[in-house]
Amino acid sequence: MPASAYPYQIQPQRVRAEFFRLLPISLFVAAFGAAFGLAAIQKGLLPLEAILMSTTVFAGAAQFAAIDMWGREVSVLPLMAVVFAINSRHLLMGASLHPMLKDMSPGRRYGLLLLLTDANWAVSAQDYQNGRRNLEVILGGGLALWLAWIAGTCLGVYFGGLLQNPKALGLDMVLGCFLLAMALGGKKSPRVLVAWTVAGLGSLAAWKWLPPNTHVVVGALAGGAIGFFWLERKPTADSEEGAHDR
Numbered sequence: 001m002p003a004s005a006y007p008y009q010i011q012p013q014r015v016r017a018e019f020f021r022l023l024p025i026s027l028f029v030a031a032f033g034a035a036f037g038l039a040a041i042q043k044g045l046l047p048l049e050a051i052l053m054s055t056t057v058f059a060g061a062a063q064f065a066a067i068d069m070w071g072r073e074v075s076v077l078p079l080m081a082v083v084f085a086i087n088s089r090h091l092l093m094g095a096s097l098h099p100m101l102k103d104m105s106p107g108r109r110y111g112l113l114l115l116l117t118d119a120n121w122a123v124s125a126q127d128y129q130n131g132r133r134n135l136e137v138i139l140g141g142g143l144a145l146w147l148a149w150i151a152g153t154c155l156g157v158y159f160g161g162l163l164q165n166p167k168a169l170g171l172d173m174v175l176g177c178f179l180l181a182m183a184l185g186g187k188k189s190p191r192v193l194v195a196w197t198v199a200g201l202g203s204l205a206a207w208k209w210l211p212p213n214t215h216v217v218v219g220a221l222a223g224g225a226i227g228f229f230w231l232e233r234k235p236t237a238d239s240e241e242g243a244h245d246r
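In structure tokens, the structure reads:
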């Protein structure tokens with residue numbers, strides 16, 4: 001089936017707008033890229049290797065976990081398992097965007113998902129809840145975040161002493177606050193509030209009692225389970241006509 005047969009077509013002007021929309025948050029991503037670049041050099045990676053890793057992998061938490069396990073002898077299977085566990089949330093994030101992604105050709109769909117991050121997914125999901133279809137933020141915002149991550153890695157590799165510990169400046173809270181703002185700005189209903197609560201409690205329990213980084217997956221699955229079993233009732237034709245008459 002030709003690409004023109006799919007109804008969702010990316011609009012270049014909106015891609016540019018979404019690029020600049022997420023440009024401010026990308027500055028904080030660059031700060032953590034610098035921290036990763038410094039950590040990679042300290043673990044023995046060559047500058048080019050660290051930069052290539054950020055360019056081709058583009059997965060901040062997973063890259064930090066991989067660096068922690070790096071050494072003269074690397075256990076490949078445990079490394080793969082840890083990276084998969086951290087990035088498995090993308091399975092759920094991609095599934096949540098399926099109502100829009102199914103209207104794109106497979107090549108564009110999977111190419112777009114290469115740039116999927118927590119930040120641009122949160123914006124796209126919130127816009128979809130508010131009745132706006134926005135995959136341009138995945139492309140435009142993802143490019144801004146990807147370029148910032150690479151630039152930050154380059155800074156860390158060559159000027160790592162400038163920002164050795166971004167957490168000391170509170171920069172680790174920026175993305176969390178951004179995602180919280182996206183959640184609070186979205187649709188609110190008993191179903192959504194219960195899903196938030198269950199996901200939060202599940203994440204806290206996993207953070208306390210399960211291995212590192214599993215809290216992300218547990219929280220996502222717990223909240224997703226609420227959404228799966230608690231379906232929203234679709235309005236009937238009579239109720240829609242009554243609302244229209246009023």
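Residue numbering for the sequence shown follows this note's numbering, beginning at 1 and increasing consecutively.
No residue lacks a Cβ here, since even glycine has one placed at the ideal position from N, Cα and C.
Legend entry - Buried or exposed by the 16-neighbour rule on C-beta atoms within 10 Å, applied to Thr117: buried
Inset, instruction - Give the secondary structure of Ile67 by DSSP, where H, G and I count as helix, E and B as strand, and everything else as coil. - result: helix
Legend entry - Assigned exposure category for Glu136 - 16 Cβ within 10 Å defines buried: buried
Inset, instruction - With DSSP collapsed to three states, give me the class of Phe229. - result: helix
Legend entry - CB contact flag (Leu79, Ala61, <8 Å): no
Legend entry - Status (buried if at least 16 other CB within 10 Å, exposed otherwise) for Gly142: buried
Inset, instruction - Tell me, to the nearest whole angstrom, how far the beta carbon of Met69 is from that of Val82; I am working on the premise that it is less than 8 Å. - result: 7 Å
Inset, instruction - Within its chain, find whatever has a CB closer than 7 Å to the CB of Ser239; leave out the 5 residues flanking it on each side and keep chain order. - result: Residue placement at Ser239 is flagged as unreliable, the pLDDT there being 44, under the threshold of 50; the coordinate-derived value follows with that caveat. So no residue of the chain qualifies.
Legend entry - contact_flag[the stretch 142-161, the stretch 16-30] where n(CB pairs < 8 Å) is 3 or more: yes
Legend entry - Residue interval of the alpha helix (DSSP H) (run including Gln126): 118-129
Legend entry - For Ala237, the three-state DSSP class (helix, strand or coil): Caution applies to Ala237, whose pLDDT of 46 falls short of 50 and renders its modelled position unreliable; the value that the coordinates give is listed next. Looking at Ala237 - three-state DSSP - the assignment turns out to be helix.
Inset, instruction - Please report how far the alpha carbon of Trp207 lies from the alpha carbon of Ala5, in whole angstroms. - result: 45 Å
Inset, instruction - With Ile25 as the anchor, note down where its alpha helix (DSSP H) starts and where it stops. - result: Segment 23-42, the alpha helix (DSSP H) holding Ile25.
Legend entry - Length of the line joining the Cα atoms of Val123 and Ala39: 30 Å
Inset, instruction - Just the C-alpha distance for Cys51 and Leu139, rounded to the nearest angstrom, thanks. - result: The residue asked about is misnamed: residue 51 is Ile in this sequence, not Cys. Their backbone Cα atoms lie some 21 Å apart in a straight line.
Legend entry - Of the listed residues Gln13, Ser203, Gly94, nearest to Leu115 (C-alpha basis): Gly94
Legend entry - First through last residue of the alpha helix (DSSP H) which encompasses Lys208: 190-209
Legend entry - Terminal residues of the alpha helix (DSSP H) in which Ile86 lies: 76-87
Legend entry - Status (buried if at least 16 other CB within 10 Å, exposed otherwise) for Leu97: buried
Inset, instruction - For Leu210, collect the residues of the same chain with a Cβ closer than 8 Å to its Cβ; drop the 5 residues on either side in sequence, then sort them by chain order. - result: Hits under 8 Å: Val218.
Inset, instruction - Rounded to whole angstroms, what's the CA-CA distance from Ile10 to Gln129? Just pull it up for me. - result: 19 Å
Inset, instruction - Please work out which residues of its chain come closer than 7 Å, Cβ to Cβ, to Arg89, disregarding the five sequence neighbours upstream and downstream, and give them in chain order. - result: Val216, Val217, Ala220
Inset, instruction - Apply the 10 Å Cβ neighbour rule to Gln63 and answer buried if 16 or more other Cβ atoms are within range, or exposed otherwise. - result: buried
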